[in-house]
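2 protein chains.
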Amino acid sequence: MNIDRAAVKAAVKDTVTVIGLGSMGSALTAALLDRGHPTTVWNRSPHKAGPLVERGARLASSPAEAVAASALTVVCVLDYESLYAVLDPADGSLAGKVLVNLTSGSPQQAHEAVVWTRSHGAEYLDGAIMTTPPGVGSAEMMFLYSGSEAVFTAHRQTLAALGDPLYLGADPALASLYDAALLGLMWSTMTGWLHGTALVTAEKTEATAFTPVAVRWLTAVAGFLTTYAPQVDAGHYPGDDATIDVQLAAVDHLIHAAESRGIDNSLPELLKSAMSRATAAGHGADSYASVIEVLRNPAGAAG
Amino acid sequence: MNIDRAAVKAAVKDTVTVIGLGSMGSALTAALLDRGHPTTVWNRSPHKAGPLVERGARLASSPAEAVAASALTVVCVLDYESLYAVLDPADGSLAGKVLVNLTSGSPQQAHEAVVWTRSHGAEYLDGAIMTTPPGVGSAEMMFLYSGSEAVFTAHRQTLAALGDPLYLGADPALASLYDAALLGLMWSTMTGWLHGTALVTAEKTEATAFTPVAVRWLTAVAGFLTTYAPQVDAGHYPGDDATIDVQLAAVDHLIHAAESRGIDNSLPELLKSAMSRATAAGHGADSYASVIEVLRNPAGAAG
């Protein structure tokens, strides 16, 4: 009989260290414990570790001890200032380790963290968590990673305990860049939804009645994005389905309806301005995707 | 043996008239013909009827003749000015008929159209088409209706040839109001996506690589909207998952990343301003849903 070495290995889960036990770090730790990973934790305020220690986590007495406990350390703290404040005193433990940094930050900060980590002999993977703490541990939720592909591949199975791990590329800044871009999409969508909700709730419709229609509509909108993405890559925006000029006529209905109900119109006015600038730049008969030209070239379009 | 009267009735499809054969009106007519509805059409430029007549449509010689041909007339013209220009000369044919108006317009224009239609002895249903012409005929696509529920119910099966018919309520302005709100959501989402696409494509990522991630992220965002809708109805916005203050810190990463790549930042600056106003109004520890308070009360929040 063969011994199924892969099955044996899968049954023995890698040990992991988690530094930072805010609501997100605590959720990451809980997800690792749920999947059977022996997990060491550290947090500046040790009392936050209490509920996790009850579930089996081991509390380290210092960041250095925490980093030394596992080959892989996941860091999720408030910002990069906190990250260096925690890791600087632990730098002697970093040699030969892997640091997965899930702290929110800018692409530039990710680049700096690679340099810092490598100077201490550790490998670095940057990540972005595309969910809220209650979503951690669900395979539906995306975790974005960038940096060394070899490190990602080696630890992919462990990272899968946190959510669905997507590898974006070798440039360590990509996860932060995608994170910023996707958060911008989220805030735009949420603000557009809130503006529409303000409009319909002014007419005795409940948000809970409007929102299922809005959510279903987002599926159609997602289809438009999928149609428009190749137009953006080609720099050619055929307006077969709906031209900017037609949409410019419709945006006034929104502005007037909101204005007469006393609702802030700065968002639809901005959208109208973007469409107007696209039309002025010669894209009136093109699709909405051509608005990217004025976003990429604000000075030119304004002049 | 019983005669299955329902089956016999279903096999004999109601005749329908379509007025206006732009790209949308032509798609509506094609969908009706595809489902076996005898369809009469009229358009100011009769040559547009050619391809539809080849597929079995009957071309009327006047709007009055077109309206007289069917119990149900669907109108989809450029705007309400065009609507009255076409239907005024046909007003003698309207008595006892049903007018389904899919022309884009404002809630106020829908109210005026009910009065006008009733003054000619016809019933009125207002509608909004939540797809582009290629999506017409798909049961996945939403067609929103408001006005007489009895009229909607009587013609629901015929309207289902065009898309999935959703009835919003007796106020005839609701379809236009939802339409405006949903288009605002669409433009907000598309512009947020284009801004994010401008950001990642500045770093040699293709729009077609970023967009599947963005589309998947929209599913998570839709989950947030579903979480936040009851908060809006309750006027209480617990920030358990993510507070405005935390998101205000993150929006600067987006603004700096876009600024350093020469991308127009008016959209993220507006989003930051909305969040800042919410924080100033005491919602810093609340969820993003609390931004609706500053949208509803722009003067108060600005003062």
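Chains as they are written, first to last, in our numbering: chain U, 3 to 305; chain W, 3 to 305.
Heads up, the beta-carbon is just placed ideally off N, CA and C, and yes, glycines get one too.
| Item | Value |
| --- | --- |
| Below-8 Å beta-carbon distance, L187(W) vs any chain U residue | yes |
| Proximal residues of chain U, C-beta to C-beta of Y86(W) below 9 Å | Here the premise fails: no neighbours, minimum Cβ distance about 17 Å. |
| Selection from L170(W), L34(W), R60(W) and A32(W) that minimises the alpha carbon distance to V43(W) | R60(W) |
| Chain U contact for E208(W) (CB, 8 Å cutoff) | yes |
| L80(U) (DSSP reduced to helix, strand or coil) | coil |
| Chain W within 8 Å of T191(U), Cβ atoms only | yes |
| C-alpha distance - A303(W) paired with H238(W), whole-angstrom precision | With a pLDDT of only 44 at A303(W), under the threshold of 50, the placement of this residue in the model should not be trusted, and no figure is reported. |
| Sufficient close CB pairs (3 or more, under 8 Å) joining the stretch 209 to 224 of chain W to the stretch 183 to 200 of chain U | yes |
| Anticipated Cβ contact below 8 Å, V100(U) with L74(U), distance rounded | 5 Å |
| Classification of E125(U) by the beta-carbon crowding that lies within 10 angstroms, buried from 16 upward | buried |
| Residue closest to V31(W), alpha-carbon to alpha-carbon, out of P53(W), R46(W) and V14(W) | Rather than Val, the amino acid found at residue 31(W) in this sequence is Thr. Nearest option by C-alpha distance: P53(W). |
| Buried or exposed (CB count within 10 angstroms, at least 16 for buried), T19(W) | buried |
| Local conformation of L146(W) per DSSP, three classes | strand |
| Listed by chain order, chain W residues near P232(U) by CB distance under 7 Å | T210 |
| Cβ-based neighbour list, V138(U), same chain, cut-off 8 Å, excluding 5 preceding and 5 following | M26, A29, L30, A32, A33, I131, L164 and G165 |
| Among P232(U), Q111(U), R57(U) and T281(U), the one whose alpha carbon lies nearest that of E2(U) | With chain U represented from 3 up to 305, any question about residue 2(U) goes unanswered, as that position is not in the structure. |
| Cβ of H238(U) within 8 Å of any chain W Cβ | no |
| Spatially closest choice to A224(U) from L269(W), T191(W), H39(W) and D254(W), by CA coordinates | T191(W) |
| With 16 other Cβ atoms within 10 Å as the buried cut-off, status of V293(U) | buried |
| Residues sharing a beta bridge with A130(U), DSSP | L146(U) |
| Any 3 or more C-beta pairs closer than 8 Å across the stretch 228 to 242 of chain U and the stretch 277 to 297 of chain U | yes |
| Min CB distance Y180(U) to chain W below 8 Å | yes |
| Secondary structure of R60(U), DSSP reduced to three states | strand |
| Supposed contact pair A175(U) and H150(U) - C-beta distance, whole angstroms, cut 8 Å | The sequence as given places Ser at residue 150(U); His does not occur at that position. Wrong, their Cβ atoms sit about 13 Å apart, outside the cutoff. |
| Rounded distance between the beta-carbons of E295(U) and A283(U), thought under 8 Å | 6 Å |
| Nearest residue (CA-CA) to Q233(W), options F145(U), A211(U) and D128(U) | A211(U) |
| Cβ of T290(W) within 8 Å of any chain U Cβ | The residue you asked about is not Thr; residue 290(W) is Tyr in the sequence shown. Output row for Y290(W): interface = yes. |
| Classification of S95(W) by the beta-carbon crowding that lies within 10 angstroms, buried from 16 upward | buried |
| Among L256(W), L146(W), R263(W) and E208(W), nearest to T236(U) - alpha-carbon criterion | The sequence shown places Ala at residue 236(U), not Thr. Here the closest residue by C-alpha is E208(W). |
| For T199(U), the first and last residue of its enclosing alpha helix (DSSP H) | L176 to T203 |
| Among D266(W), C78(W), D93(W) and R37(W), the one whose alpha carbon lies nearest that of S64(W) | D93(W) |
| 7 Å CB neighbourhood of D247(U) in its chain, flanking five on each side removed | T281, G286 and A287 |
| Residue range of the alpha helix (DSSP H) that includes Y230(U) | A209 to A236 |
| Cβ neighbours of L297(W) in the same chain (closer than 8 Å, five flanking residues each side left out) | A276 |
| Beta carbon proximity, E205(W) to chain U, threshold 8 Å | yes |
| Test: V217(U) CB closer than 8 Å to a CB of chain W | yes |
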